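Residue numbers (UniProt numbering), protein chains in the order written: chain A, 1 to 222; chain B, 1 to 222.
Idealized CB from N, CA, C, for every residue including glycine.
Because the structure is a prediction, the values reported are computed rather than measured.
2 protein chains.
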Amino acid sequence: MTDSILWWGSGSVPCWRAMLALEEKRVKYDGRLISFDKNETKGPDVMKYNPRGEVPTFVDGDVVVNESMAICDYLEFKYNDQGNRLLPTDVKERAVVLQRQYEALNLFKKGLEQLIYELMEDSPDLQDQETLKARLQVLSDELKLWEGYLQTSEGYIAGQSFTMADVMFFPLVAFLVRLGLQLKKYPNINKYYENLVTRPSVKATWPPHWVDSVGKDWLKDA
Amino acid sequence: MTDSILWWGSGSVPCWRAMLALEEKRVKYDGRLISFDKNETKGPDVMKYNPRGEVPTFVDGDVVVNESMAICDYLEFKYNDQGNRLLPTDVKERAVVLQRQYEALNLFKKGLEQLIYELMEDSPDLQDQETLKARLQVLSDELKLWEGYLQTSEGYIAGQSFTMADVMFFPLVAFLVRLGLQLKKYPNINKYYENLVTRPSVKATWPPHWVDSVGKDWLKDA
């Protein structure tokens with residue numbers, strides 16, 4: 001019995017962040033899987049708590065928090081001493097985690113956002129091979145930055161333990177792989193990915209529809 | 001004498017967030033104004049600490065934090081008991097602040113991002129009045145959500161005191177006004193704006209180039 005309910009969709013990076021934080025903090029919750037295909041984010045259950053009609057939508061007793069990063073910060077604060085600490089209490093260590101945590105948003109925003117919408121809509125812009133190549137180059141440049149960070153870090157994206165920076169970074173990398181990214185071109189990211197894939201919180205939250213369906217090959221040349 | 005240096009650009013919303021947090025936390029810092037026109041974000045001073053060549057770039061002794069939200073979180077954590085508290089210690093109050101803090105990103109992302117790039121590039125898409133109207137409607141719908149939040153809040157975006165949610169929300173509203181948004185159509189946001197404009201931290205960080213130049217009228221119909 002729990003007062004915490006999370007509405008989530010399979011394969012959604014923001015939902016995955018929230019679920020990773022819930023698992024890492026060892027919070028019991030009632031997960032309600034919605035269907036994007038059936039437009040259930042606009043259904044009455046979600047809309048009751050989230051007028052934007054989006055997931056994640058998270059209810060914790062009389063608290064409602066819906067933005068994925070807000071959910072993560074909220075859980076870390078409320079369950080400070082429970083489960084794994086995601087934000088170090090040492091100020092310098094925390095600075096590194098905070099920097100990488102928010103910087104990870106660039107991997108989507110700069111590296112993927114425009115391209116993914118164009119790919120999903122089969123945009124005529126991408127008929128031009130040069131345009132596609134340029135977009136993939138931007139993604140590749142972004143990945144090279146992270147490849148460099150992982151060269152000097154110690155197994156995780158911001159040091160030697162799993163932190164909020166990994167909560168933000170890992171789902172994006174897994175999403176890129178699902179879209180066809182070949183990690184052998186990025187050996188440090190590949191090692192990181194292979195290490196994290198077997199982590200209990202990651203296994204417990206792996207997008208279920210990814211298990212028995214194939215992804216795309218869109219990013220094979222990135 | 002201070003060990004804290006912030007490189008910033010006038011009119012940059014992310015820079016403004018960092019500066020508001022510095023002022024609210026009463027942190028002494030050496031502000032270094034860069035010119036976007038002269039491409040100084042790619043100059044050696046910034047690039048030394050921020051390989052992305054962006055501002056804000058923040059150095060605090062041997063700590064480097066460059067993402068604006070990371071800077072704000074870092075300052076709130078390091079200067080927990082100094083200046084104004086930006087994140088409440090009560091878990092329920094904090095949940096409200098965190099929700100609005102991150103939700104404010106939607107005001108830019110959903111309401112303005114596409115439109116502002118099209119306007120700046122004088123995009124042919126906007127020649128079609130229906131397209132322009134549709135874009136302004138999306139912005140207006142987003143603003144109406146916030147107008148509603150301010151109806152039930154108590155003067156600030158997440159309650160009765162200035163918090164991290166205001167650090168995120170206020171600079172965006174001011175930017176919209178600079179682009180021609182007529183706040184009389186949004187009386188709660190207008191009241192909020194008029195109240196905050198005289199706040200010492202806001203006055204101290206007002207974009208200097210806004211003082212003696214006029215803005216745009218792009219959003220006058222939003």
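So residue i contacts chain B; which residues on that side make the cut at Cβ distance below 7 Å?
| i | result |
| --- | --- |
| L143 (chain A) | Residues of chain B passing the Cβ test: none, with the nearest at roughly 14 Å. |
| D128 (chain A) | Within 7 Å Cβ-Cβ: nothing; D128 (chain A) doesn't reach chain B, min ~18 Å. |
| E67 (chain A) | Q99, Y102 and E103 |
| A134 (chain A) | In chain order: nothing, as chain B lies at least about 17 Å away. |
For residue i, return the contacting residues in chain B, with the cut-off set at a CB-CB distance below 8 Å.
| i | result |
| --- | --- |
| K92 (chain A) | D62 and V63 |
| A70 (chain A) | A95, L98, Q99, Q101, Y102 and E103 |
Would you decide whether residue i is buried or exposed? Buried here means 16 or more other CB atoms lie within 10 Å of its CB.
| i | result |
| --- | --- |
| E54 (chain B) | buried |
| E194 (chain A) | exposed |
| S35 (chain A) | exposed |
| G148 (chain B) | exposed |
| K25 (chain A) | buried |
| V214 (chain B) | exposed |
| T57 (chain A) | buried |
| D217 (chain A) | exposed |
| V97 (chain A) | buried |
| Y117 (chain B) | exposed |
| A134 (chain A) | exposed |
| P88 (chain B) | buried |
| E121 (chain B) | exposed |
| P14 (chain B) | buried |
| D128 (chain B) | exposed |
| D212 (chain A) | exposed |
| D30 (chain A) | exposed |
| D73 (chain A) | buried |
Using a cut-off of 9 Å between C-beta atoms, extract the partners of residue i located in chain A.
| i | result |
| --- | --- |
| K78 (chain B) | V91, R94 and A95 |
| Y74 (chain B) | V91, R94, A95, L98 and Q99 |
Going by beta carbon distance, what residues of the same chain come within less than 7 Å of residue i, once the five residues before and after it are set aside?
| i | result |
| --- | --- |
| P208 (chain B) | S10 |
| T131 (chain B) | D125 |
| I71 (chain B) | A18, A21, P56, F58 and V65 |
| S153 (chain A) | G159 |
Give every residue of the same chain whose Cβ lies closer than 6 Å to the Cβ of residue i, excluding the five residues on either side of it in the sequence, and list them in chain order.
| i | result |
| --- | --- |
| L181 (chain B) | L219 and A222 |
| A204 (chain B) | E23 |
| P107 (chain A) | Per the sequence shown, the amino acid found at residue 107 (chain A) is Leu instead of Pro. E142 and L172, listed in sequence order. |
| R100 (chain B) | I157, A158 and A165 |
| K28 (chain B) | T2 |
| G83 (chain A) | E24, K25 and R26 |
| Q140 (chain A) | A quick correction: the sequence has Ser, not Gln, at residue 140 (chain A). Excluding sequence neighbours, S140 (chain A) sits near A222. |
| R199 (chain A) | none |
| E40 (chain A) | I34 |
| N188 (chain B) | E147, L150 and Q151 |
With distance defined between alpha-carbon atoms, name the residue in the options nearest to residue i.
| i | options | result |
| --- | --- | --- |
| E76 (chain A) | A:F36, A:T163 and A:P171 | A:T163 |
| D166 (chain A) | A:W7, A:E103 and A:I157 | A:I157 |
| M168 (chain A) | A:A104, A:R85, A:Y186 and A:T89 | A:A104 |
| V91 (chain A) | B:N80, B:D125, B:G43 and B:T131 | B:N80 |
| G61 (chain A) | A:S140, A:Y49, A:I116 and A:M69 | A:Y49 |
| V138 (chain A) | A:A174, A:E113 and A:P56 | A:E113 |
| W206 (chain B) | B:T2, B:R52 and B:W8 | B:W8 |
| R17 (chain B) | B:S201, B:D37 and B:K216 | B:S201 |
| W210 (chain B) | B:W146, B:F170, B:L179 and B:M120 | B:L179 |
| L145 (chain A) | B:K38, B:D30 and B:P51 | B:P51 |
| K78 (chain A) | B:I5, B:K185, B:E93 and B:K109 | B:E93 |
| A95 (chain B) | A:K42, A:K110, A:K109 and A:V63 | A:V63 |
| Y186 (chain B) | B:S161, B:Q151 and B:V197 | B:Q151 |
| D45 (chain B) | B:L6, B:D37, B:E67 and B:S12 | B:L6 |
| S12 (chain B) | B:S68, B:L136 and B:I189 | B:S68 |
| R85 (chain B) | B:K109, B:G43, B:K110 and B:S161 | B:S161 |
Examine the ligand FAD and report whether any of its heavy atoms sits within less than 7 Å of the Cβ of residue i.
| i | result |
| --- | --- |
| Q137 (chain A) | The ligand FAD is absent from the structure shown, which contains no ligands of any kind. |
Residue i bridges to which residues according to DSSP?
| i | result |
| --- | --- |
| R32 (chain A) | A:W7 |
| Y156 (chain A) | A:G159 |
| S198 (chain B) | The sequence given here places Thr at residue 198 (chain B); Ser does not occur at that position. Per DSSP, none; premise fails for T198 (chain B). |
| V55 (chain A) | Note: V55 (chain A) sits in no beta bridge, so no partner. |
| D60 (chain B) | B:S4 and B:V63 |
Tell me which same chain residues have a C-beta within less than 8 Å of the C-beta of residue i, skipping the five on either side of it?
| i | result |
| --- | --- |
| M47 (chain A) | G53 |
| R32 (chain B) | I5, L6, W7, W8 and D45 |
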